[in-house]
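Line by line, the protein sequences give chains S and B.
Here the first sequence stands for residues 335 to 553, numbered as in my numbering.
Here the second sequence stands for residues 109 to 405, numbered as in my numbering.
Heads up, the thing below is written out as structure tokens.
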Amino acid sequence: MIIAERKPMEEIKELVAPYKKVLVAGCGTCVTVCWAGGEKEVAILASQLRLARSAKGNGIVAIEATVERQCEREMVAEIKDKVAEADAVLSLACGSGVQTMAEMFEDKPVFPGVNTVFIGMPQGEGLWIEMCGGCGDCFLDRTGGVCPIVRCAKGLLNGPCGGTKRGGKCEIDPDKDCGWVLIYRRLEKQGRLDLMRNYYAPKNYRAVKRPGKIQAGKA
Amino acid sequence: MAKPFRETLKTKRFVVTAEVGPVKGSSVSKAIEHIELLKDKVDALNVTDNQSSVMRYPSLGVCLLIKEHGGEPILQVTCRDRNRLAIQADLLFACSRGVNNILCLTGDSIDVGDHKEAKQVFDLDSVQLIHLVHTMKSGKDMAGNELDGGIDFCIGTTGTPSADPLEPQLIKVEKKLKAGVDFIQTQAVYELDDLKRFVEFIRKRDRKVKILGGIVPVIGAKMAAYMNENVPGISIPQRIIDELSQAPKGTGIAKGIEIAARMIRQMKEEKVCDGVHIMFIGREEKVPEILGAAGLL
């Protein structure tokens, strides 16, 4: 799923400073699961904005709404009346949701309330890790299902750099695992280390021609 | 004129290389001083490529200065700052100016350097870079186009004998050997046994490649602790940190040189490897003292 993190409160306050009525729009899918932009986070942020603004004697009407998926036009259409009421929209969806909203309501300023950070999975309570870079040329068959593109800090394809330390930690952060040590251990467990000994030629970094656009049934 | 490094590697003698770190700025007088000081004392001079991800005068620029001053340069090329187009263009440039030795490296992460918000490239990795050099040697570029004048490099790479765990690192080294390298300059070695194990692994797979043990002198216990925390590929054992902390105040550099020279002597006397590569980062002027203390002058 897509992982996002709420922007700092100071930045959000700045974004909506010129507006009196703001719709805080959540999304019920990925950002709900990663605690960044679901119904609960919408309610919290709306209250924080009301408090902050009334303390400054510059009250704000913070309207709340959460749709199931903000990256789908039909679902966003369900809250069009609330959008119409507001001077601006503060979207807590991922970048895709923010843009769907902005595209549907072209005359309305739409601001991101979160930073979309990666495609990942939950690893523990309130902890998410990156899993996929959306490169368009999946490599996971060769690496025991561990992605070297995003789980190696340098996206290397032929094994670890020289910076592996402390029993398999990355040179940039002792709290992060070296992706290539994870790959090594997985392949070793499966008796498939030969896969790691193969040479892999430079990757096609243009597998997805940006901006990406695909039509189903063309594969 | 300096002896081509390729020729030096064919001899049986103990090979010595040292590193010249480019300056931060366009004033190259310091680099020239270091080149003049070291060029006749070592077999070749490596020039680092935005070492530790810190932006500096380019590796190729200092390599040209070494040529001008009669030394033998080894161009260090990392994959961090340039994509495949830029790397190939640089290799053409280097060869056209007589820079014929290359050290193929991955490159430290952007995160350890002084431009932490920069986009890191890594379009290629170090194994792919070695393959690329061979491709261009054959007269073609990576896309298969004919080159009007190819390249010819004596190819080197690195490896980390103290990587933890070691096995994945050795698989990478094996791929580099298969890709075809003439020499390996290892990352810093502080435990001779680590190097012995590393060399033994390589010798079983490649009897010809020349292996130069990496020496990074450490001049104080605090510096050692800092390097362990912050410098990729460095693992200084507690034994050496203790030795440094027991050195009387003001004698840190002398102690660091003594430890480095002792390690070099051991490498040479026990025939652990074919030579040494001395990286005295920011203190190039002290390299002759190490060479003297190690009996290499």
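All C-beta atoms in this analysis are idealised placements derived from N, C-alpha and C, irrespective of residue type, glycine included.
Residues bridged to residue i (per DSSP)
i: B/Leu213; result: B/Thr186
i: S/Ser425; result: S/Ala359 and S/Pro446
i: S/Asp507; result: S/Cys504
i: B/Ile292; result: B/Thr265 and B/Ile319
i: S/Leu308; result: Chain S is shown only over 335 to 553; residue 308 of chain S falls outside these bounds and no answer can be derived.
i: B/Thr119; result: Answer by DSSP bridge pairing: none, since B/Thr119 is not bridged.
i: B/Ala124; result: Just to set this straight, residue 124 of chain B is Val in the shown sequence, not Ala. In DSSP, B/Val124 forms a bridge with B/Val384.
i: B/Lys248; result: B/Glu254
i: S/Lys499; result: S/Lys503
Where residue i falls: helix, strand or coil (DSSP)
i: S/Ser388; result: helix
i: S/Thr434; result: helix
i: S/Pro536; result: coil
i: S/Lys340; result: Here residue 340 of chain S turns out to be Arg, not Lys, going by the sequence shown. Strand at S/Arg340.
i: B/Phe201; result: helix
i: B/Ile327; result: coil
i: S/Thr366; result: helix
i: B/Ile344; result: coil
i: B/Gly179; result: coil
i: B/Thr243; result: helix
i: S/Gly467; result: coil
i: B/Glu254; result: strand
i: B/Lys312; result: coil
i: S/Lys374; result: helix
i: S/Lys347; result: helix
Length of the line joining the Cα atoms of residue i and residue j
i: S/Gly497; j: S/Arg485; result: 14 Å
i: B/Leu193; j: B/Ser234; result: 15 Å
i: S/Cys512; j: S/Ala422; result: 43 Å
i: S/Gly393; j: S/Val356; result: 11 Å
i: S/Gly546; j: B/Lys376; result: 57 Å
i: S/Asn449; j: B/Ala197; result: 37 Å
i: B/Leu352; j: B/Ile143; result: 29 Å
i: S/Ala550; j: B/Met163; result: 45 Å
i: S/Lys442; j: S/Gln404; result: 16 Å
i: S/Cys495; j: B/Gln277; result: 7 Å
i: B/Val317; j: B/Tyr334; result: 33 Å
i: B/Val339; j: B/Asp219; result: 11 Å
i: B/Asp290; j: S/Pro446; result: 53 Å
i: B/Ser204; j: B/Leu145; result: 26 Å
i: B/Asp157; j: S/Val358; result: 48 Å
i: S/Tyr353; j: S/Lys347; result: 10 Å
Opening and closing residue of the alpha helix (DSSP H) in which residue i lies
i: B/Arg373; result: Gly360 to Glu377
i: B/Lys138; result: Ser137 to Leu146
i: S/Trp514; result: Gly513 to Lys523
i: S/Gln457; result: Counting along the chain, S/Gln457 falls outside any alpha helix (DSSP H), though it belongs to the beta strand (DSSP E) covering Val448 to Gly458.
i: S/Arg407; result: Arg407 to Ala411
i: B/Ala287; result: Glu275 to Ala287
i: S/Val417; result: Lys414 to Glu419
i: B/Gly400; result: Val395 to Ala401
i: B/Val155; result: Not the alpha helix (DSSP H): B/Val155 falls in the beta strand (DSSP E), residues Ala152 to Val155.
i: S/Leu529; result: Asp528 to Arg531
Bounding residues of the beta strand (DSSP E) (the contiguous stretch that carries residue i)
i: S/Val395; result: Val395 to Val401
- Message: Please identify, using Cβ separations under 7 Å, the residues of the segment 498-521 of chain S that lie next to chain B, in order along the chain.
- Response: Thr498, Lys499, Arg500, Gly501, Gly502, Glu505, Ile506, Trp514, Val515 and Tyr518
- Item | Chain-ordered residues of the segment 223-255 of chain B with a beta carbon less than 9 Å from chain S | Gln228, Phe230, Asp231, Leu232, Asp233, Ser234, Val235, Gln236, His239, Leu240 and Met250
- Would you list, in chain order, the members of the segment 523-553 of chain S that have their beta-carbon closer than 9 Å to a beta-carbon of chain B? Leu527, Met530, Arg531, Asn532, Tyr533, Tyr534, Ala535, Pro536, Lys537 and Tyr539
- Give, in chain order, every residue of the segment 332-348 of chain B whose Cβ lies closer than 8 Å to some Cβ of chain S. Pro340, Gly341 and Ser343
- What residues in the segment 267-278 of chain B bring their beta carbon closer than 8 Å to a beta carbon of chain S? Gly267, Thr268, Ala271, Asp272, Pro273, Glu275, Pro276 and Gln277: these are the residues of the segment 267-278 of chain B whose beta carbon lies less than 8 Å from some beta carbon of chain S, given in chain order.
- Message: Any C-beta of chain S within less than 7 Å: which residues of the segment 175-193 of chain B qualify?
- Response: When C-beta distances to chain S are compared with 7 Å, the residues of the segment 175-193 of chain B below that value are Arg192, in chain order.
- Closer than 8 Å, Cβ to any Cβ of chain B: which residues of the segment 459-492 of chain S, in chain order? Ala487, Lys488, Gly489, Leu490, Leu491 and Asn492
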